[in-house]
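Just so you know, UniProt numbering puts 103 at position 103 of the sequence shown, and the rest follows in order with no gaps.
By construction, the Cβ of each residue, glycine as well, lies at the ideal position given by its N, Cα and C atoms.
What you are looking at is a predicted structure, and each value in this text was computed from that prediction instead of being measured.
All remarks here apply to the structure that follows.
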Amino acid sequence: MRIIPLFGGNRQSNLHDSHEKTHHLRPVYTKPIPPATSFKLAKTAITTSNDVQTLANQKQFASLIAGGIAGSFSATITCPMEVVKTHLQASRGGSEVALAAKGPFSIARNIARVEGFKGFFRGLMPTIIGILPARATYFWAYATTKSTLSSRFGESPVVHMLSAAAAGISSNTLTNPIWLMKSRVQLQAGASASNPMVYRGYRDAMVRILREEGIPGFFKGLTASYWGVTEGALHFVVYERIKAKLIADNRKRIARGDYLKKNAPAPDPERLTSLQYLTAAAVSKLIASMATYPHEVVRLRMREQPKFVGAAPKYRGMIQSLRLIAREEGRKGLYAGMGTHLARVVPNAALMFFTYEVVVKWIEKRQEGRVSTAKQARSGNSKESKTL
1 MRIIPLFGGN
11 RQSNLHDSHE
21 KTHHLRPVYT
31 KPIPPATSFK
41 LAKTAITTSN
51 DVQTLANQKQ
61 FASLIAGGIA
71 GSFSATITCP
81 MEVVKTHLQA
91 SRGGSEVALA
101 AKGPFSIARN
111 IARVEGFKGF
121 FRGLMPTIIG
131 ILPARATYFW
141 AYATTKSTLS
151 SRFGESPVVH
161 MLSAAAAGIS
171 SNTLTNPIWL
181 MKSRVQLQAG
191 ASASNPMVYR
201 GYRDAMVRIL
211 REEGIPGFFK
221 GLTASYWGVT
231 EGALHFVVYE
241 RIKAKLIADN
251 RKRIARGDYL
261 KKNAPAPDPE
271 RLTSLQYLTA
281 AAVSKLIASM
291 ATYPHEVVRL
301 RMREQPKFVG
311 AAPKYRGMIQ
321 SLRLIAREEG
331 RKGLYAGMGT
341 HLARVVPNAA
351 LMFFTYEVVV
361 KWIEKRQEGR
371 VSTAKQARSG
381 NSKESKTL
């Protein structure tokens, strides 16, 4: 039998304590714990302490998978608008389809006439190839950075902005070569096959860019893409604010007991409806895109210009390109194709964020169920050990 002092303390000091101090100690008789049971209890304690970290890691993994799925789905649905927008944004020398048209509907008719239905999905495959790692990386980097910063500084617009900036820089650097090739192949629609500048496909474009422009050629427009990080940062800040407002409204409705009128169980205030997710994503994307649109035009202009031997590129950087376009084309040039751009990116963002939230919730629910099952199993083992 072992005697365990209720007040703890060092054994050596207890031996020298006065009678008055030791008078308060009373023995507690316990059964010796078998070694096998002791090992089980220790293992249970360690596993339980890791549950929170495990769930955190699984949520980041869920963001990675959900981001790839959401990006691919929304890109496929909105690809026709992306093709039309690319022609509208391009400079006058870049697209023969755009030369023969005056607006988005005229461009759409010309694409249908010149290339048929498949013309509206030109560049979809490299888009999917680019979107999968881009969106997966973006949402994973955002979730990871946000989790790290929030644990130290709490949730705030600054944390959301820094997280979105880190996500944007990571995904833009990784996928810029894919977007560059996609833009060039899309913009040569209707061009003469005898033109030496025409690419025969994405593989041909990759080989020729590497041979004629080197590795730096794949990263044209990257500086403009980094400027675009401000759009992603603003988008997430506004999105998180709208979500927080909707969740606060849900809490108020639950506090008033509105759900009781429908004889329904109390809902989870943090689980928004489909309409709420779609609205939050659409409104935040609209605000962010309108505020930062000119960088989109500059980025495309820098990507589409091929390299001519002995000739300096027309568009050399963000500031220089903005000034040049403003001087040659006015404000209209800086916002060329914005209506079509918004018509594409707003529903795209709504679909993507909605799909992302749904997939994340589904994955997290399954993962939490597994952790809960494991906890119950460990709890059963713990109760069994106590009876020993």
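Buried or exposed: which applies to residue i, given that a residue is buried once 16 or more other Cβ atoms fall within 10 Å of its Cβ?
i    : result
A312 : exposed
R299 : buried
G232 : buried
G119 : buried
I319 : exposed
T373 : exposed
V346 : buried
F139 : buried
I215 : exposed
K31  : Only weak support exists for where K31 lies, its pLDDT of 49 falling under 50; the value from the coordinates is given anyway. K31 comes out exposed.
K285 : buried
G103 : exposed
A336 : buried
V158 : exposed
Quick check on residue i: does DSSP put it in helix, strand or coil?
i    : result
Q186 : helix
G330 : helix
T273 : coil
R256 : helix
P267 : coil
E155 : coil
T373 : helix
V298 : helix
I316 : The sequence given here has Arg at residue 316, not Ile. R316 falls in the coil class under three-state DSSP.
R200 : coil
T292 : helix
A336 : coil
G228 : coil
T127 : helix
R122 : coil
A311 : coil
S214 : Looking at the sequence provided, one finds Gly at residue 214 rather than Ser. Coil at G214, not helix or strand.
G71  : helix
G221 : coil
G116 : coil
E103 : A quick correction: the sequence has Gly, not Glu, at residue 103. Coil, per DSSP.
T173 : helix
Q58  : helix
E78  : Sequence inspection shows Thr at residue 78; the Glu mentioned does not correspond to that position. Of the three classes helix, strand and coil, the one that applies to T78 here is coil, per DSSP.
K31  : Any reading at K31 must be qualified, since the residue scores a pLDDT of 49, below 50, and its modelled position is unreliable; the value itself is stated next. DSSP places K31 in coil when its eight states are reduced to three.
Q367 : helix
In chain order, what residues of the same chain have a beta carbon less than 7 Å from the beta carbon of residue i, not counting five sequence neighbours either side?
i    : result
G154 : none
R211 : none
A281 : Y239, A349, A350, F353, F354
M206 : M181
P126 : I178, M181, K182, Y202
I363 : A62, I65, A66
A377 : none
R344 : T78, M81, E82, K85
Go through its chain and collect everything with a Cβ distance to residue i's Cβ below 6 Å, but skip five positions before and after it.
i    : result
H295 : A224, W227, G228
L278 : A350, F354
I287 : V238
R303 : L180, S183, K220, G221
For residue i, which residues in the same chain have their Cβ closer than 8 Å to its Cβ, ignoring the five residues on either side in sequence?
i           : result
T145        : L162, S163, A166, A167
S171        : P133, A134, R135, T137, Y138, A141
residue 390 : The chain is shown from 1 up to 388; residue 390 falls before or after that span and cannot be answered.
R208        : Y199
Below 7 Å, is the gap between the Cβ of residue i and the nearest heavy atom of the ligand HEM?
i    : result
P133 : Of ligands this structure carries none, so the ligand HEM is not represented either.
Using 8 Å as the threshold, is the stretch 328-346 in touch with the stretch 265-278, meaning 3 or more CB pairs across them? no
Stretch pair the stretch 240-258 + the stretch 168-183: three plus CB contacts closer than 8 Å: no
Meets three-Cβ-pair contact criterion under 8 Å: the stretch 117-134 and the stretch 61-78: yes
Kindly confirm or deny that the stretch 107-114 and the stretch 75-90 touch, where touching means at least three C-beta pairs closer than 8 Å. yes
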